[in-house]
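For my numbering, count along the sequence shown from 1 and bump the result up by 1276. Working notes for the structure below.
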Amino acid sequence: MDLSVVDCFVKVADARSISAASRLHRLPKSTLSHRIRQLEDQFGVELFVREGHQLHLTDAGSELLRHARKIRASCDDAVTAMAEMHKEVAGTLRVGSTGEFGTTVTSELLYAFQMKYPQIILDVVFLSARQPFTDVSDMALDGIFHWGEPSDVDYVSRRLATASYGLYASPEYLAQHDQPASEDELARHRGLIFRSTTRLQPWHLSRPGGPETEILLTAALTANDYWTLKYFAVAGQGIAYLPGFFVETECQSGLLVPVLPEWRSREMAINLVYSRRRHVSRRFKAFVSFCMEFYRRRERDQIPRYFVEKIAREKL
């Protein structure tokens, strides 16, 4: 089987469109179309069906994709093995990230890693929080940034940091509505509430050594995106329940301040997870070591970070 044909198939499958794959990878659409037809003719099956503007894998296409990813991973491992003969850290590193905070947790770390190892090519996949680890294995990811511990025993988990949720609002909002002095006074405030697929997310809070309290305010806004909640909090529209690291830059800039700062959620672990069964390359060993050290020296490094910026109305 021609490896370039396999590579084109994976690119189209990931983009779900020949046109999108062409733009993303700067390949002629005619080349991609021809190579997909080559595979379909070779195996005598359809690999894609079209629905609207998107291509969806058939059962045969899904099975081929599973093997194609393993083929590409083996090729990457061969490149890595050759690089290791020269003591280089090089090749493609495929990293997944679960949860809604991937851009905050993952992007700055990956940026710093590539600055240290410029011969590394990064391939980053953001995953559904409910995506099973069996699906992740099929994607041939080297490692995954994951909230909590994996339930699958075939995975190694390395704790990178911990994080907890707290309440945050803008100084303007608190000037208008007064800073609550106790959790009971939260009831008169506007809540910016995260909504999962099945329900609204309560605020689980406790003081050090005290019992946990579950709070759910009347919502001024519900959204299934934490960036939207943070935006509305900065804009002065209510109180949001967010992880401390997620609002770090906004708090430093004075755009947000803690509300009832002694009340926090339980600590949650941020882990780097990887399969016990997969070959651990030199590049991934370097990556694990880098991740373990990154959060210890994060404050010393000048790393671009995501944040919400507030622009004065008169400038609009």
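Where a beta carbon is used, it is the ideal one built from N, C-alpha and C, also for glycine. The structure displayed is predicted, hence computed values, not measured ones.
Ranking 1492, 1338 and 1452 by CA distance to the CA of residue 1513 puts 1452 first.
By the CB criterion at 8 Å, residue 1440 and residue 1373 fall outside the cutoff. Listed as beta-bridge partners of residue 1435 by DSSP are 1547.
Taking residue 1419 as reference, the option from 1334, 1564 and 1581 with the minimal CA-CA separation is 1564. For residue 1489, the enclosing beta strand (DSSP E) covers residues 1489-1491. For the stretch 1305-1330, the full-length beta strand (DSSP E) segments reaching 3 residues or more read 1324-1327 along the chain. Residue 1573: not part of any beta strand (DSSP E); member of the alpha helix (DSSP H) spanning 1558-1573, first to last residue.
CA-CA distance, residue 1392 to residue 1366, rounds to 11 Å. Boundaries cannot be given for residue 1474, as no alpha helix (DSSP H) includes it and DSSP labels it neither H nor E. Residue environment for residue 1325: exposed (fewer than 16 other C-beta atoms within 10 angstroms of its C-beta). For the options 1382, 1364 and 1401, the alpha carbon positioned closest to that of residue 1574 is the one of 1382. A straight-line Cα-Cα distance of about 12 Å links residue 1288 and residue 1344. Contact check between the stretch 1526-1534 and the stretch 1465-1480: fewer than three CB pairs, one atom from each, fall below 8 Å, which does not count as touching.
Residue 1468 sits close to residue 1508, with the two beta carbons spaced by under 8 Å. Secondary structure note for residue 1294: its alpha helix (DSSP H) is the uninterrupted segment 1294-1301.
Secondary structure at residue 1486: coil, using DSSP grouped into helix, strand and coil. Taking C-alpha positions only, residue 1398 is separated from residue 1581 by approximately 18 Å.
DSSP, reduced to helix, strand and coil, places residue 1373 within a strand of the structure shown. In the three-state scheme derived from DSSP, where H, G and I count as helix and E and B as strand, residue 1540 is classed as strand. Judged by beta-carbon spacing, residue 1321 lies beyond the 8 Å limit of residue 1370, meaning their Cβ atoms are not closer than that value. Contact annotation: residue 1403 and residue 1351 have beta-carbon atoms that are not nearer than 8 Å. Taking 8 Å as the cut-off, the beta carbon of residue 1292 is found no closer than this to the beta carbon of residue 1323. Of the candidates 1548, 1566, 1511 and 1569, the residue whose Cα lies closest to the Cα of residue 1587 is 1511. Within its own chain, no residue has a Cβ closer than 7 Å to the Cβ of residue 1460 once the five positions on either side in sequence are excluded.
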